[in-house]
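Colleague:
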Amino acid sequence: MVIVVLMLVSGSWLLFHPIPQNTATLRLWTFATVHCDAYKQAVPGFEAQHPGVTVDVELVHGDAITSRLQSAFWASLDVPDLVEVEISQAGAFFRGPVADVGFVDLTDWLKQSGYLDRIVKSRFSPYTSRGRVFGLPHDVHPVMLAYRRDLFERLGIDADKLQTWDDFVHEGRRVTKRGHRYMIQFSDVTSQNLEMLLFQRGGGYFDANGDLLMDNEITVETIKWYIPLVAGSHLIASDPGASDQAFTRAVEDGYILSFICPDWRSRLIERNVPQMAGKMALMPLPAFTRGGRRTSTWGGTMLGITKHCRNKELAWQLAQYLYFDRQQLAARYRETNILSPLKPAWDLPVLREPRPYWSDQPIGKLYAELAEQVPPQYVSPFTSLAKEKLGQVVSACASYYSSHGEEGFEAFVRVRLKQAADDVRRQMERNPF
Amino acid sequence: MTVRVVNSNRYHHWQTRYAPYVFLAPFALIFLTFWLDPLIKSFVLAFSITCGPNVRVFVGLNNFRFLLTDPDFHKAVWNTSVFAMASLFVQLSLSLALALLLNRRFLKGRNLFRLAFFTPNLVGMVFVGLLFSMVFAPLFGLVNQVLHALTNQPTDTNWLFNPKLVMPALVLAALWLYVGFNMIYFLAALQAVDRELYDAAQVDGANMFQQFLHVTLPGIRPVAVVIVVLSTIGSFQLFELAYLMLNNGTRNWPGPDNSGLTIVMYLYQNGFVTGDLGYASAVGWTLALIVMALSLLQIWLSGTWKREA
Numbered sequence: 007m008v009i010v011v012l013m014l015v016s017g018s019w020l021l022f023h024p025i026p027q028n029t030a031t032l033r034l035w036t037f038a039t040v041h042c043d044a045y046k047q048a049v050p051g052f053e054a055q056h057p058g059v060t061v062d063v064e065l066v067h068g069d070a071i072t073s074r075l076q077s078a079f080w081a082s083l084d085v086p087d088l089v090e091v092e093i094s095q096a097g098a099f100f101r102g103p104v105a106d107v108g109f110v111d112l113t114d115w116l117k118q119s120g121y122l123d124r125i126v127k128s129r130f131s132p133y134t135s136r137g138r139v140f141g142l143p144h145d146v147h148p149v150m151l152a153y154r155r156d157l158f159e160r161l162g163i164d165a166d167k168l169q170t171w172d173d174f175v176h177e178g179r180r181v182t183k184r185g186h187r188y189m190i191q192f193s194d195v196t197s198q199n200l201e202m203l204l205f206q207r208g209g210g211y212f213d214a215n216g217d218l219l220m221d222n223e224i225t226v227e228t229i230k231w232y233i234p235l236v237a238g239s240h241l242i243a244s245d246p247g248a249s250d251q252a253f254t255r256a257v258e259d260g261y262i263l264s265f266i267c268p269d270w271r272s273r274l275i276e277r278n279v280p281q282m283a284g285k286m287a288l289m290p291l292p293a294f295t296r297g298g299r300r301t302s303t304w305g306g307t308m309l310g311i312t313k314h315c316r317n318k319e320l321a322w323q324l325a326q327y328l329y330f331d332r333q334q335l336a337a338r339y340r341e342t343n344i345l346s347p348l349k350p351a352w353d354l355p356v357l358r359e360p361r362p363y364w365s366d367q368p369i370g371k372l373y374a375e376l377a378e379q380v381p382p383q384y385v386s387p388f389t390s391l392a393k394e395k396l397g398q399v400v401s402a403c404a405s406y407y408s409s410h411g412e413e414g415f416e417a418f419v420r421v422r423l424k425q426a427a428d429d430v431r432r433q434m435e436r437n438p439f
Numbered sequence: 211m212t213v214r215v216v217n218s219n220r221y222h223h224w225q226t227r228y229a230p231y232v233f234l235a236p237f238a239l240i241f242l243t244f245w246l247d248p249l250i251k252s253f254v255l256a257f258s259i260t261c262g263p264n265v266r267v268f269v270g271l272n273n274f275r276f277l278l279t280d281p282d283f284h285k286a287v288w289n290t291s292v293f294a295m296a297s298l299f300v301q302l303s304l305s306l307a308l309a310l311l312l313n314r315r316f317l318k319g320r321n322l323f324r325l326a327f328f329t330p331n332l333v334g335m336v337f338v339g340l341l342f343s344m345v346f347a348p349l350f351g352l353v354n355q356v357l358h359a360l361t362n363q364p365t366d367t368n369w370l371f372n373p374k375l376v377m378p379a380l381v382l383a384a385l386w387l388y389v390g391f392n393m394i395y396f397l398a399a400l401q402a403v404d405r406e407l408y409d410a411a412q413v414d415g416a417n418m419f420q421q422f423l424h425v426t427l428p429g430i431r432p433v434a435v436v437i438v439v440l441s442t443i444g445s446f447q448l449f450e451l452a453y454l455m456l457n458n459g460t461r462n463w464p465g466p467d468n469s470g471l472t473i474v475m476y477l478y479q480n481g482f483v484t485g486d487l488g489y490a491s492a493v494g495w496t497l498a499l500i501v502m503a504l505s506l507l508q509i510w511l512s513g514t515w516k517r518e519a
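Taken in order, these protein sequences are the chains called A and B. The numbering of the first sequence is the numbering used here, which starts it at 7 and goes up by one. The numbering of the second sequence is the numbering used here, which starts it at 211 and goes up by one.
If you want it as structure tokens, here you go:
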């Protein structure tokens with residue numbers, strides 16, 4: 007009886023208090039809090055330029071955005087007009103015939119507006135499928151090395167002399183104290199750091215044609231070089247995990263002296279480890295060979311306009327406003343530290359401002375100087391699978407190296423890598439689209 | 211008078227005949243709308259490769275053939291089975307032991323203990339997943355801090371990043387969550403066992419272990435069968451706990467070397483990350499068959515059918 011009464015009361019209440027329908031002209035989903043905050047500040051300017059237009063910026067959790075968007079596409083329900091998709095998830099939306107991709111083909115608009123030439127070319131690669139561009143790149147995400155400047159100085163490490171990874175490893179072996187202090191944060195169970203190093207060396211998961219290259223010689227050589235840094239008796243790296251608490255503690259305690267730091271992460275560090283202000287600094291990545299590439303890339307976001315959007319022209323204008331308006335880019339950089347892929351924006355004065363947190367370095371300028379060197383990363387619907395498989399290879403190889411050392415290591419790497427690549431190829435071969 | 215009796219009989223007849231259907235109608239409606247239709251659709255999907263709802267290619271049994279040779283699926287089945295075995299043998303043994311302990315009449319504060327052991331279940335799996343990811347965290351996690359205090363070993367053991375430790379960590383978290391829950395079932399069953407049987411056993415000279423073996427166990431067998439079957443089904447559906455505990459910032463991470471990949475996690479990855487609903491449906495139907503077969507086996511082994519016959 008009580009349940010029936012409750013049902014009637016709650017049902018009646020819902021009947022007379024329906025959830026208000028979304029009346030915004032445009033709806034934008036993003037998964038990143040910093041993006042969301044920046045857009046919410048920018049949107050009133052766009053609305054003022056377009057009287058009568060309202061924009062609703064919604065923060066959708068990163069874990070949910072892919073599944074919610076897939077479901078929304080499939081059911082044709084609750085589909086936003088614009089969506090930001092994380093780079094590793096983007097490929098999943100480009101499966102099937104080009105005509106059935108849920109995003110608007112932006113290629114012609116990009117050509118007409120001239121953005122195709124003004125944006126770092128490599129940043130279109132993840133969002134291009136069969137020659138058509140479906141996403142606007144939000145960022146370049148050049149990578150630098152963040153380090154505890156105070157501890158480097160105390161331990162006698164001269165960051166300027168760390169030109170190559172060999173220099174870095176040499177110093178790392180000197181200062182690492184197992185269980186207490188490690189030169190760098192590198193993972194021995196995921197492919198997160200390894201893939202960034204692969205990109206730096208010109209490798210990766212897929213090539214521009216979507217062919218798998220994760221088991222090529224670059225990967226074999228990189229794994230052979232990487233694993234002794236995270237396993238065995240001469241390791242110099244440890245990974246306290248990606249959870250904010252453990253990572254914060256590790257930086258604060260000097261458990262890790264340095265870590266890979268793309269532009270977006272530099273802002274997170276400022277927010278999450280504020281007590282390290284003035285003690286941190288950034289340097290270009292050491293190169294694999296002297297004079298070689300001093301950066302790589304980690305992460306990325308695209309903005310897509312969905313085919314369900316009723317006013318695509320207006321959505322395109324909003325996309326340009328948020329991504330390419332100089333004033334907005336300056337404000338966005340202040341809010342997020344994220345460098346725009348639009349090359350003319352790299353001379354914004356805000357990028358040259360010294361940052362007290364980073365020992366007064368003008369970090370925007372530092373990232374911008376590396377941006378042209380950022381390697382391309384090609385994605386496919388199978389990128390997530392390839393990442394996971396490479397992570398398994400890292401884990402298995404680290405485990406092998408810990409117990410066997412160099413004996414039979416190269417053969418083991420080759421066998422595991424081939425197995426992993428074959429698993430991905432089998433999945434690719436089943437795909438009839 | 212006669213007419214009234216006839217009407218009353220007719221009403222009674224109608225009520226007796228149709229009342230069960232009226233009571234079953236809400237369930238049947240909901241089942242048909244929200245369960246049967248998706249079930250049929252997922253069955254059809256299991257024989258296709260899909261790309262969203264509009265593009266579908268019929269591939270016959272290919273999804274199931276692929277599944278049989280898919281190392282990731284094998285790993286998922288293995289991990290899930292290990293977890294299920296641990297649930298059955300460790301979790302249920304502990305639950306029964308606790309129930310026996312808390313069923314003692316003269317134990318002081320037994321209601322408080324019952325509440326304390328049951329409480330973890332009130333907070334739910336999401337909370338427990340997050341809590342245990344903190345408990346096992348390196349540097350500041352409780353487990354590492356305690357070990358450091360006891361043995362002075364470094365606090366940087368990353369339990370959830372070690373392929374050998376992932377499954378024990380998941381089992382431990384599940385123990386904390388479910389031991390108290392199953393204990394309640396066992397307690398209810400224990401309280402239903404006829405006290406006179408114990409008295410008779412004592413008169414016959416049976417010791418505590420013999421009483422447990424010949425009076426308690428047969429007395430709680432029907433409830434125990436239900437608990438075993440439900441625990442098995444629940445274990446094979448493991449998802450949230452592993453998903454949350456292993457979430458290291460990489461989405462849908464199945465743990466190092468797939469050590470925490472469960473069948474449902476694999477289904478989710480294929481259906482909602484890769485977008486291959488056909489293969490995900492094949493995984494789902496295979497899981498349903500595995501669970502059904504195991505449940506029937508358990509019921510058959512327990513002899514429930516024989517007794518009913």
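Where is the CB? At the ideal position from N, CA and C, for every residue including glycine.
Listing by chain order, which chain B residues have their CB less than 8 Å from the CB of Y261(A)?
Modeller: Here residue 261(A) corresponds to residue number 255 of the first sequence, with the count starting at 1. Within 8 Å Cβ-Cβ: L349 and D366.
Colleague: Tell whether a beta-carbon distance below 8 Å holds between D62(A) and A30(A).
Modeller: Reading the first sequence from its first residue, position 56 is the one you call residue 62(A). Reading the first sequence from its first residue, position 24 is the one you call residue 30(A). Yes; because the gap between Cβ atoms is below 8 Å, this pair is in contact.
Colleague: Only counting the same chain, and skipping five residues up and downstream in sequence, which positions put a Cβ closer than 6 Å to that of N343(A)?
Modeller: Taking the first residue of the first sequence as 1, we reach residue 343(A) at position 337. Excluding sequence neighbours, N343(A) sits near D269, S272 and R273.
Colleague: DSSP state of G444(B), grouped into three classes?
Modeller: Position 234 of the second sequence, counted from the start, is the residue given in the question as residue 444(B). The answer is helix: DSSP assigns G444(B) an H, G or I state.
Colleague: If distances are taken between C-alpha atoms only, which option among P281(B), G494(B), T426(B) and L499(B) comes closest to A309(B)?
Modeller: Translated into positions along the second sequence, residue 309(B) becomes position 99. Measuring from the Cα of A309(B), the nearest candidate turns out to be T426(B).
Colleague: Between the Cα of L161(A) and the Cα atoms of G141(A), H144(A), M150(A) and T182(A), which residue gives the shortest distance?
Modeller: By one-based count along the first sequence, residue 161(A) stands at place 155. Among G141(A), H144(A), M150(A) and T182(A), the Cα nearest to that of L161(A) belongs to T182(A).
Colleague: Under a three-way DSSP split, which group does T361(B) fall into?
Modeller: What you label residue 361(B) is simply residue 151 of the second sequence in a count that begins at 1. Residue state, collapsed to three classes: helix.
Colleague: Kindly identify the DSSP beta-bridge partner or partners of S264(A).
Modeller: In the first sequence, residue 264(A) corresponds to position 258, counting from 1. DSSP, once it has assigned bridges, lists Y153(A) as partnering S264(A).
Colleague: Within its chain, find whatever has a CB closer than 7 Å to the CB of R33(A); leave out the 5 residues flanking it on each side and keep chain order.
Modeller: By 1-based counting over the first sequence, the position of residue 33(A) is 27. Contacts found: D62, E64, P86 and D87.
Colleague: Using a Cβ cut-off of 8 Å (strictly closer), state whether G494(B) contacts chain A.
Modeller: As a working mapping, residue 494(B) is identified with position 284 in the second sequence. With 8 Å as the cut-off, G494(B) does not count as an interface residue toward chain A.
Colleague: On a CA-only basis, which of E227(A), T72(A) and L157(A) is nearest G208(A)? Give me that one, please.
Modeller: To locate residue 208(A), count along the first sequence from 1; it is residue 202. Of the listed residues, the one whose Cα sits closest to G208(A) is E227(A).
Colleague: Whole alpha helix (DSSP H) runs in the stretch 390-464 of chain B with 4 or more residues, listed along the chain?
Modeller: As far as the stretch 390-464 of chain B is concerned, its whole alpha helix (DSSP H) runs of at least 4 residues are 405-413, 418-421, 427-446 and 450-455.
Colleague: Name the two residues that bound the continuous beta strand (DSSP E) containing V107(A).
Modeller: Walking along the first sequence from the start, residue 107(A) turns up at place 101. Here V107(A) belongs to no beta strand (DSSP E), and DSSP marks it neither H nor E.
Colleague: Could you tell me which uninterrupted beta strand (DSSP E) segments, each at least 3 residues in length, are contained entirely in the stretch 219-305 of chain B, listed from first to last along the chain?
Modeller: If we require 3 residues or more, the beta strand (DSSP E) runs fully inside the stretch 219-305 of chain B come out as 258-261 and 265-268.
Colleague: In the structure shown, what three-state DSSP assignment does M289(A) receive?
Modeller: As a position in the first sequence, residue 289(A) is number 283, starting the count at 1. Correct three-state label for M289(A): strand.
Colleague: Please classify L83(A): does DSSP put it in a helix, a strand, or coil?
Modeller: Position 77 of the first sequence, counted from the start, is the residue given in the question as residue 83(A). Looking at L83(A) - three-state DSSP - the assignment turns out to be coil, as it is neither helix nor strand.
Colleague: Roughly how far, in whole angstroms, is the beta-carbon of P330(B) from the beta-carbon of G390(B), given that I think they are within contact range, below 8 Å?
Modeller: Counting from 1 along the second sequence, the entry for residue 330(B) is found at position 120. Counting from 1 along the second sequence, the entry for residue 390(B) is found at position 180. Contact flag correct, Cβ pair sits at about 6 Å.
Colleague: So which residues on chain B does S386(A) lean against when the C-beta distance must stay under 8 Å?
Modeller: Within the first sequence, the letter at position 380 stands for residue 386(A). Under the 8 Å cutoff, chain B gives no residues; its nearest Cβ is about 11 Å from S386(A).
Colleague: Using the Cα positions of D353(A) and A214(A), report the straight-line distance between them to the nearest angstrom.
Modeller: For the purposes of this step, residue 353(A) is taken as the residue at position 347 of the first sequence. For the purposes of this step, residue 214(A) is taken as the residue at position 208 of the first sequence. Straight-line Cα distance between these residues: approximately 30 Å.
Colleague: Quick check: does the Cβ of Q55(A) come within less than 7 Å of any heavy atom belonging to the ligand NAD?
Modeller: The ligand NAD is not among the ligands present in this structure, which contains no ligands whatsoever.
Colleague: In the DSSP assignment, find the unbroken alpha helix (DSSP H) run with T307(A) in it and report its ends.
Modeller: Taking the first sequence and counting its residues from 1, the one referred to as residue 307(A) is at position 301. Run containing T307(A): none in the alpha helix (DSSP H); it sits in the beta strand (DSSP E), T307 to I311.
Colleague: May I have a chain-ordered list of the beta strand (DSSP E) segments no shorter than 3 residues that lie completely inside the stretch 365-412 of chain A?
Modeller: Runs found: none.
Colleague: Under 8 Å, Cβ to Cβ, is there at least one residue of chain D near I259(B)?
Modeller: The structure shown contains no chain D; its protein chains are A and B.
Colleague: Does DSSP put I6(A) in a helix, a strand or coil?
Modeller: The first residue shown for chain A is 7 and the last is 439, placing residue 6(A) beyond what the model contains.
Colleague: Quick check on the DSSP output: the alpha helix (DSSP H) that includes E227(A) runs from which residue to which?
Modeller: Working through the first sequence from its first residue, we reach residue 227(A) at position 221. First-last of the alpha helix (DSSP H) with E227(A): E223 to V236.
Colleague: Using a Cβ-Cβ cutoff of 7 Å, what residues of the stretch 61-92 of chain A are near chain B? List them in chain order.
Modeller: Per Cβ criterion, the list reads G68, D69, T72, S73, Q76, F79 and W80.
Colleague: Could you list which residues in chain B have their beta carbon closer than 9 Å to that of F294(A), in chain order?
Modeller: The residue labelled residue 294(A) in the question sits at position 288 within the first sequence. By Cβ distance, chain B contributes nothing, its closest Cβ being about 25 Å from F294(A), past 9 Å.
Colleague: Suppose the cutoff is 8 Å on Cβ atoms and the five residues either side in sequence are ignored; what does the same chain contact list for S405(A) look like?
Modeller: Numbered from 1 along the first sequence, position 399 holds the residue referred to as residue 405(A). If we look at S405(A) and ignore the five residues flanking it on each side, its Cβ neighbours are A237.
Colleague: State the DSSP-derived secondary structure class of F212(A), mapped to helix, strand or coil.
Modeller: Sequence index remark: in the first sequence, residue 212(A) carries index 206 (1-based). F212(A) falls in the strand class under three-state DSSP.
Colleague: Measure how close the beta-carbons of S469(B) and M377(B) come, nearest whole angstrom, since I'm counting them as under 8 Å.
Modeller: In the second sequence, residue 469(B) corresponds to position 259, counting from 1. In the second sequence, residue 377(B) corresponds to position 167, counting from 1. Correct: roughly 6 Å between the Cβ atoms.
Colleague: Consult DSSP for T196(A) and reduce its assignment to one of helix, strand or coil.
Modeller: Taking the first residue of the first sequence as position 1, residue 196(A) is located at position 190. Coil.
Colleague: At a CB distance below 9 Å, what residues from the stretch 226-245 of chain A approach chain B? Give them in sequence order.
Modeller: Those would be S244 and D245, in chain order.
Colleague: Could you check what DSSP says for D164(A) in three-state terms: helix, strand or coil?
Modeller: Indexing the first sequence from 1 puts residue 164(A) at position 158. D164(A) falls in the coil class under three-state DSSP.
Colleague: Quick one, which of M189(A), A392(A), H147(A) and M289(A) has its alpha-carbon nearest Q367(A)'s?
Modeller: Taking the first residue of the first sequence as 1, we reach residue 367(A) at position 361. That would be M289(A), whose Cα lies nearest to the Cα of Q367(A).
Colleague: So D145(A) is in the beta strand (DSSP E); what residue range does that whole segment cover?
Modeller: Within the first sequence, residue 145(A) is the residue found at index 139, counting from 1. First-last for D145(A): undefined, no H or E at that position.
Colleague: Nearest-angstrom Cα distance between L20(A) and M13(A)?
Modeller: Against the first sequence, residue 20(A) aligns to sequence position 14. Against the first sequence, residue 13(A) aligns to sequence position 7. About 10 Å.
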